[in-house]
Each structure stands twice: as C-alpha cells, then as structure tokens.
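In the working numbering, the protein residues as written are 18 to 169.
Listed below in structure tokens is the structure:
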C-alpha cells in the first residue's frame, strides 16, 4: 500500500482490493472496474461486524443489473427481468451456502470486522487468501457464466 493511503481511522487501509488477475478478466472481455466502484463503500457495512459477504452483495447488484439491461422502466413486481434476477441471486446464494456453509462475513473469515485487532489479523495473516479469494473466485465465475448466458 502506498504511503499516505487513506485509512478508516483505525489504521486499516481503505483501498484494499483483490489481486489484479481479477480486475479485468480480459479473457472474457468483462471489465470489473465499474462494478467494483458500485460497491466501493460496502466496507462501511462490513465494519459493522454484522453483514453478508461483500462479494455476495456486489454480485447481487451485478446480477440484478444484468437482468435489467435494456429495460426502460424500473422493475415491476411481476416483471420477467426482476423474476429472473431474483432467481439468479437465489441460485448464487444457495450455491455459495452449499460451498462455504455461511454467508456472513464474520463467520466466513473468523474475524469480527468491528474489532481493530481482528482487522489487523485478517491482513497480517492473509486470511483472505483462503477465504475471500476462494469466495470471490466462486462468485465471479457465476457472474461471468450468467453474463455469457445473457449474451446468447
């Protein structure tokens, strides 16, 4: 992290991101950058210590957006695109739960994000490598597959 990078007031850098291999996904033509920005403030929710996995939150937004592409109005209750988005997000969550057992960040990482010592341990011990990175890989694969199906 660069000297002078912003922190959350507890010494934890705010600009943490996943490895650059996830950023562009040039092999699929998918640019993740706008979607990463769409959820950039979610760390504020994670810091509460009471939230779902951030990649699930972000993927829910992406899948909903994907299913509404081309729509000219906000989704209606029985709108086909909305129903597809709900089904898609439900399948994502159910698959995630089957693979990882839980959806809440504290349980998945073993870190209470509202505690400074747990945040430091998360980064120092690189807990994210065996938790968040695996979860991110799972979620991004599901999103890429969903986009490929939408393009057919």
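Built from N, CA and C at the ideal position, the CB exists for glycine as well.
For residue i, tell me which candidate among the options has the shortest Cα-Cα distance.
i: residue 151; options: 121, 117, 160; result: 117
i: residue 66; options: 133, 81, 105, 73; result: 133
i: residue 148; options: 121, 54, 75; result: 121
i: residue 164; options: 140, 70, 85; result: 85
i: residue 64; options: 88, 137, 91; result: 137
Do residue i and residue j have their C-beta atoms within less than 8 Å of each other?
i: residue 83; j: residue 106; result: no
i: residue 159; j: residue 49; result: no
State the CB to CB distance for the pair residue i and residue j, rounded to an integer number of angstroms; the pair is presumed to be in contact (CB under 8 Å).
i: residue 72; j: residue 153; result: 5 Å
Span of the alpha helix (DSSP H) holding residue i?
i: residue 169; result: Unbroken run through residue 169: none, as it is neither H nor E.
i: residue 81; result: 71-85
Under 8 Å between C-beta atoms, does residue i make it to chain D?
i: residue 134; result: The structure shown contains no chain D; it holds only a single protein chain.
Sufficient close CB pairs (3 or more, under 8 Å) joining the segment 106-113 to the segment 127-141 = No, they do not touch.
request  = Please determine if the segment 96-104 and the segment 59-73 are in contact, where contact requires at least 3 C-beta pairs separated by less than 8 Å.
outcome  = With the rule of 3 Cβ pairs closer than 8 Å, the segment 96-104 does not count as touching the segment 59-73.
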